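For reference, the structure discussed in these notes is given below.
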Amino acid sequence: MKNASTITAFIISFLVVGSLALVFLFMNRQEEESEQPPPAATTEEPARQTVTPQPTVDPLTRDDIEKQTATPATLVNLSSPQTLAQAIAKVIQDRDLNTLKALEVQQAVTEAQSRTIRELMEARHVRLSSPGITSIGANNQGTNPTARYTLNFSSGARGYLDMKRNDKQQWTLNTLTLPSKQDLAKDKAAPMVMNDPMGIVSSFMDAVAKADFRGARKFVDGSKVQDATVAGLCILFEEGTFRLRDDAPIKTAYEADTNAGFFVHLQDAQGRKAGNVGLTVAKTDGQWLIAEASLDSMLEAYTKRQGAGDDFFIPIVKNPQGGDSLALFFGFNEDALSKRSARQLQIVAEAIKMDGGKKLEISGHTDDVGSERYNQGLSERRAAAVKAQLIEFGVPADRIVTRGFGKSQPRRTYSTNANDEERDEARKENRRAEMYLDF
5 MKNASTITAF IISFLVVGSL ALVFLFMNRQ EEESEQPPPA ATTEEPARQT
55 VTPQPTVDPL TRDDIEKQTA TPATLVNLSS PQTLAQAIAK VIQDRDLNTL
105 KALEVQQAVT EAQSRTIREL MEARHVRLSS PGITSIGANN QGTNPTARYT
155 LNFSSGARGY LDMKRNDKQQ WTLNTLTLPS KQDLAKDKAA PMVMNDPMGI
205 VSSFMDAVAK ADFRGARKFV DGSKVQDATV AGLCILFEEG TFRLRDDAPI
255 KTAYEADTNA GFFVHLQDAQ GRKAGNVGLT VAKTDGQWLI AEASLDSMLE
305 AYTKRQGAGD DFFIPIVKNP QGGDSLALFF GFNEDALSKR SARQLQIVAE
355 AIKMDGGKKL EISGHTDDVG SERYNQGLSE RRAAAVKAQL IEFGVPADRI
405 VTRGFGKSQP RRTYSTNAND EERDEARKEN RRAEMYLDF
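With the first letter of the sequence shown counted as 1, position 369 gets the number 373 in this note's numbering; the numbers rise by one all the way through.
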């Protein structure tokens, strides 16, 4: 019995030890398996893409990369000079760097121009007025037309954008002309004058539009254009409420080395076409000046707008002695000046006072109604009324000569079989006083 118990115990011990060994081996194997890397996840092969080979180019510089940050959405429409001018104004006024980069990418501005525009953009004191740009004129001759706009700064200073259309039919900035830094910083700076044909015409017409005879006279060759013509143009511009056309009012007719011709297109207060002024400029000793002025188209447009009645007014008439004279018109049997006639005489007074040696001849005239004696007195009173007003405006009395011609020198006649309307129109034009500034 004792041997059987011993054998049984031995067997049990063997089984226990064996079981433990198996457990140990099994756990060891599990640890080894856990140390193996996990199998890679299976993925689908991506679809093949066709890539168009690109030509070999030089490596992009940092500047190139920076320029290419402009996206197509920010590119500027360069099909007209106006959109280019508007874009440049937007860069300056809105501190719009993206638009400036777009202009660089499109090669609408050069690197040097871009740097200058950026300086304006970053200058705190530089702002544009409203409107920020103004169309000045255009030269549509040749295969590459040009256009000029002004940059209107809040200080009153003015810059110039001269643009040119390239062979790709896109407009680019040709030259950028800016006022001095001092003028940009001033509260009220005088507009800069461009000493080229279009610049002189533009500055002359700016002064005329303000009825500034003195300012306009600076741009005129006095030996070729009479003061009466300049003063009459100022009067006519104000009286007829003319203004320069909004889009490229100055059109180049021709341009040579020493002379050029232009048509200045006008519109009325309602924006309707209102004739033009023909101007010729000539270069003498390096200075461009107005050498000829033709007002026929403007006068025709003004005459068509004249209403009926005695309030007749055409400020420029032909002088029998040659050249132009200024005329003021009176109502029937009247010798008193109207308010608007007095206003126009202020311009005449400025013209006389500018030339200390010049005298003025005033001639009074009447229609053919009434006796010769009565009309003679009436014509003298009309001339005297003009003289009195000029003296009030500061013209010395000894520089004014007056004469009365009664009804002896009609400016307009009528036939014996004329109807009442034709006679009235002629008589209305003859009731006047004429001033010969170049006497």
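Glycine included, each C-beta is placed from N, C-alpha and C at the ideal position.
Because the structure is a prediction, the values reported are computed rather than measured.
Whole-number beta carbon distance between residue j and residue i, since they are thought to touch under 8 Å
i	j	result
valine 390	methionine 358	So it is not a contact: roughly 19 Å between Cβ atoms.
methionine 202	arginine 152	6 Å
alanine 295	aspartate 225	5 Å
leucine 349	methionine 302	Going by Cβ atoms, the distance from leucine 349 to methionine 302 rounds to 21 Å, so no, they are not a contact pair.
valine 285	alanine 260	Valine 285 to alanine 260, Cβ: 11 Å. No contact.
phenylalanine 336	histidine 369	Phenylalanine 336 to histidine 369, Cβ: 13 Å. No contact.
alanine 142	alanine 252	4 Å
alanine 257	phenylalanine 267	6 Å
alanine 140	threonine 154	The question names alanine, but residue 140 in the sequence shown is isoleucine. That belief holds up - the Cβ atoms of isoleucine 140 and threonine 154 are roughly 6 Å apart, short of 8 Å.
leucine 332	serine 345	5 Å
glutamine 145	leucine 82	The pair is not a contact, with the Cβ atoms about 21 Å apart (cut-off 8 Å).
threonine 78	asparagine 102	5 Å
leucine 441	alanine 232	4 Å
glutamine 111	threonine 181	Between threonine 181 and glutamine 111 the Cβ distance is about 20 Å, and since that is not below 8 Å, they are no contact.
Spatially closest choice to residue i from the options, by CA coordinates
i	options	result
glycine 361	Ser159, Asp372 and Arg403	Arg403
isoleucine 96	Ser419, Val109, Ile254 and Gly163	Gly163
proline 414	Ala392, Val405, Gln86 and Ser383	Ser383
glycine 279	Gly290, Asn263, Ala353 and Thr307	Thr307
isoleucine 92	Gly141, Ala273, Ser159 and Met167	Met167
alanine 194	Trp292, Asn156, Asn148 and Lys228	Asn156
arginine 99	Glu123, Pro85 and Ala116	Glu123
leucine 248	Lys287, Gly265, Val234 and Phe208	Phe208
threonine 2	Asp272, Leu104, Arg386 and Ser84	This structure cannot settle anything about residue 2, because the visible part of the chain is limited to 5 through 443.
leucine 188	Met125, Asp200 and Asn178	Met125
alanine 353	Cys238, Val205 and Ser227	Cys238
serine 375	Ala340, Arg347, Ser412 and Asp339	Ser412
threonine 147	Ser158, Arg128 and Asp171	Asp171
glutamate 365	Val373, Phe397 and Ile356	Ile356
threonine 420	Tyr378, Pro400, Ile395 and Asp372	Asp372
phenylalanine 241	Lys185, Ala305, Ile254 and Ser158	Ala305
isoleucine 204	Leu293, Gly275, Gly136 and Pro183	Leu293
aspartate 200	Thr288, Arg427, Ala340 and Arg416	Thr288
arginine 436	Phe334, Tyr418 and Ala215	Phe334
arginine 416	Asn423, Glu425 and Glu429	Glu429
valine 281	Gln274, Lys255 and Gly290	Lys255
leucine 394	Leu107, Asp272, Asn423 and Lys363	Lys363
alanine 340	Gln110, Pro135 and Ala388	Ala388
aspartate 250	Pro149, Gly244 and Gly275	Gly275
glycine 160	Thr150, Phe223, Ala401 and Lys185	Lys185
For residue i, three-class secondary structure by DSSP
i	result
proline 135	strand
phenylalanine 208	helix
asparagine 81	coil
phenylalanine 223	coil
serine 118	helix
glycine 236	helix
phenylalanine 333	strand
leucine 341	coil
glutamate 36	Low confidence applies to glutamate 36: its pLDDT is 46, below 50, so where it sits in the model is not reliable, and the reading given next is rough at best. Looking at glutamate 36 - three-state DSSP - the assignment turns out to be helix.
alanine 437	strand
threonine 46	Per-residue confidence for threonine 46 stands at a pLDDT of 43, beneath the threshold of 50, marking its modelled position as unreliable; the derived number appears in the next sentence. Looking at threonine 46 - three-state DSSP - the assignment turns out to be coil, as it is neither helix nor strand.
arginine 416	coil
threonine 406	strand
alanine 346	helix
alanine 93	helix
glutamine 53	Low confidence applies to glutamine 53: its pLDDT is 36, below 50, so where it sits in the model is not reliable enough to give any reading.
arginine 431	helix
threonine 103	helix
alanine 127	coil
alanine 215	coil
valine 109	helix
aspartate 359	coil
glutamine 86	helix
lysine 228	coil
alanine 528	The structure shown does not extend to residue 528, since the chain spans only 5 to 443, so no value can be given for it.
lysine 308	helix
DSSP beta-bridge partners of residue i
i	result
lysine 255	Ala142 and Phe267
glutamate 354	Partner(s): none; glutamate 354 has no beta bridge.
valine 281	Val268
threonine 288	Gln291
isoleucine 366	Thr406 and Met439
serine 248	Per the sequence shown, residue 248 should be read as leucine rather than serine. Leucine 248 pairs with Leu270.
serine 298	Gly282
Beta carbon proximity, residue i to chain C, threshold 7 Å
i	result
cysteine 238	The structure shown contains no chain C, having only a single protein chain.
Entirely enclosed alpha helix (DSSP H) segments - the region 369-400, minimum 4 residues: The region 369-400 contains these whole alpha helix (DSSP H) runs: 376-396.
Within the region 138-208, ranges of the alpha helix (DSSP H) (whole runs, at least 4 residues): Within the region 138-208, the complete alpha helix (DSSP H) segments at least 4 residues long are 185-189, listed from N- to C-terminus.
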